[in-house]
Each structure stands twice: as structure tokens, then as C-alpha cells.
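Q: Attaching a single structure in C-alpha cells format; questions to follow.
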Amino acid sequence: MADVSKLKGRRSTLGTPPSIEEASNNLSAPEVAPVATRLPPLTRPIKPAREAKPASEPPSSEERRPDGRSARRTNRTVQFATRVTPEFDKRVREIAEREGLLLVEVLEQALDLFDRTKSSG
Numbered sequence: 023m024a025d026v027s028k029l030k031g032r033r034s035t036l037g038t039p040p041s042i043e044e045a046s047n048n049l050s051a052p053e054v055a056p057v058a059t060r061l062p063p064l065t066r067p068i069k070p071a072r073e074a075k076p077a078s079e080p081p082s083s084e085e086r087r088p089d090g091r092s093a094r095r096t097n098r099t100v101q102f103a104t105r106v107t108p109e110f111d112k113r114v115r116e117i118a119e120r121e122g123l124l125l126v127e128v129l130e131q132a133l134d135l136f137d138r139t140k141s142s143g
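Residues in the sequence shown are numbered consecutively from 23, following our numbering.
Set out below in C-alpha cells:
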């Protein structure tokens with residue numbers, strides 16, 4: 023069991039608390055907030071420090087990566103992380119979107135197919 027006797031001794035180093043009369047009454051004082059003031063209008067327009075560049079176009083719908091988390095929850099709890107090439111990532115995501123599967127389901131089916139072909143050959 024924990025030894026709490028050291029904690030009790032610490033309290034005595036603080037001394038006795040002040041009496042109610044000696045204590046500050048700031049808790050019963052009203053709260054005062056600063057009043058917002060309006061700034062005067064600017065007399066001249068502000069120049070940008072440098073020339074603004076036009077915004078780049080958003081990625082096309084073909085380049086957009088679908089979010090795998092938005093599909094649905096599963097009972098898979100073990101994390102599996104690895105590094106793949108961008109081409110592999112694109113292929114797996116395209117298959118998952120086309121078939122309506124989660125990324126992990128595509129990998130599970132690929133592993134099942136791999137096992138079947140290795141065991142039959």
C-alpha cells in the first residue's frame with residue numbers, strides 16, 4: 023500500500039490558512055470585462071508586400087484519394103503499416119473504390135488468392 027505519511031507532512035509547511043476576514047474577497051467581486059472599441063477607418067489602402075499568385079487548381083477527381091475511414095467500421099484492431107510505391111497505392115485504392123471494399127478487404131482477398139494459388143500449385 024502507498025505511504026501517504028509524507029504527504030500529510032507537506033501540508034504543515036504551508037502554515038495555517040488565513041481567517042475569513044483576512045482572505046481576499048475577489049470571488050464575490052463583480053466580473054468586469056473590457057469594452058470593445060471601434061477602430062477608425064484606414065485613410066489609405068494597405069499594399070501587399072509582394073504580388074499575389076493565382077491559386078493552383080485543386081486536384082482532379084481522378085487524382086483525389088478516397089478516404090478509407092469513411093467507408094465503414096470493422097472489428098479489425100491490429101494496426102498494419104507498411105511502405106508501398108505510389109503506383110501500388112493507386113491500384114489498391116482504385117480496386118477498393120470500384121468494388122466497394124475497404125483497403126484491408128482488398129489486401130485480405132489478395133492474400134486469400136495468393137494462398138489458394140500457392141497451395142494448388
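All C-beta atoms, glycine included, are put in the ideal place defined by N, C-alpha and C.
Owing to the predicted nature of the structure, the values given are computational and were not obtained by experimental measurement.
Buried or exposed: which applies to residue 106, given that a residue is buried once 16 or more other Cβ atoms fall within 10 Å of its Cβ?
A: Here residue 106 refers to the residue found at position 84 when the sequence shown is read from its first residue. When all chains shown are included, residue 106 counts as exposed.
Q: Would you grab the beta carbon distance between residue 124 and residue 118 for me? Rounded to a whole angstrom, and I think it's under 8 angstroms.
A: In the sequence shown, counting from the first residue as 1, residue 124 sits at position 102. In the sequence shown, counting from the first residue as 1, residue 118 sits at position 96. Indeed, because the Cβ distance is near 6 angstroms, the residues count as touching under 8 angstroms.
Q: Using a 10 Å radius around the Cβ and a threshold of 16 neighbouring Cβ atoms, would you call residue 100 buried or exposed?
A: Along the sequence shown, read from residue 1 onward, the residue named residue 100 stands at position 78. So residue 100 ends up on the exposed side.
Q: Can you name the start and end residues of the alpha helix (DSSP H) that residue 132 belongs to?
A: On the sequence shown, position 110 is the one that residue 132 refers to. Residues 125–142.
Q: Ends of the alpha helix (DSSP H) at residue 118?
A: On the sequence shown, position 96 is the one that residue 118 refers to. Segment 108–121, the alpha helix (DSSP H) holding residue 118.
Q: Would you report the Cα separation of residue 3 and residue 41, rounded to the nearest angstrom?
A: No statement about residue 3 is possible, as the shown extent of the chain runs from 23 to 143 and does not include it.
Q: Quick check on residue 46: does DSSP put it in helix, strand or coil?
A: Translated into the one-based positions of the sequence shown, residue 46 becomes position 24. If DSSP states are grouped into helix, strand and coil, residue 46 belongs with coil.
Q: Compute the Euclidean distance between the alpha carbons of residue 108 and residue 98, then round it to the nearest angstrom.
A: Position 86 of the sequence shown, counted from the start, is the residue given in the question as residue 108. Position 76 of the sequence shown, counted from the start, is the residue given in the question as residue 98. The straight-line gap from Cα to Cα measures roughly 25 angstroms.
Q: Three-state secondary structure (DSSP) at residue 41?
A: Within the sequence shown, the letter at position 19 stands for residue 41. Coil, per DSSP.
Q: Just the C-alpha distance for residue 38 and residue 54, rounded to the nearest angstrom, thanks.
A: Here residue 38 corresponds to residue number 16 of the sequence shown, with the count starting at 1. Here residue 54 corresponds to residue number 32 of the sequence shown, with the count starting at 1. Each residue's Cα considered, the two are about 31 angstroms apart.
Q: Can you find the residues in the same chain that come closer than 8 angstroms, C-beta to C-beta, to residue 128, ignoring five residues on each side of it along the sequence?
A: In the sequence shown, counting from the first residue as 1, residue 128 sits at position 106. The residues are 114, 117, 118 and 121.
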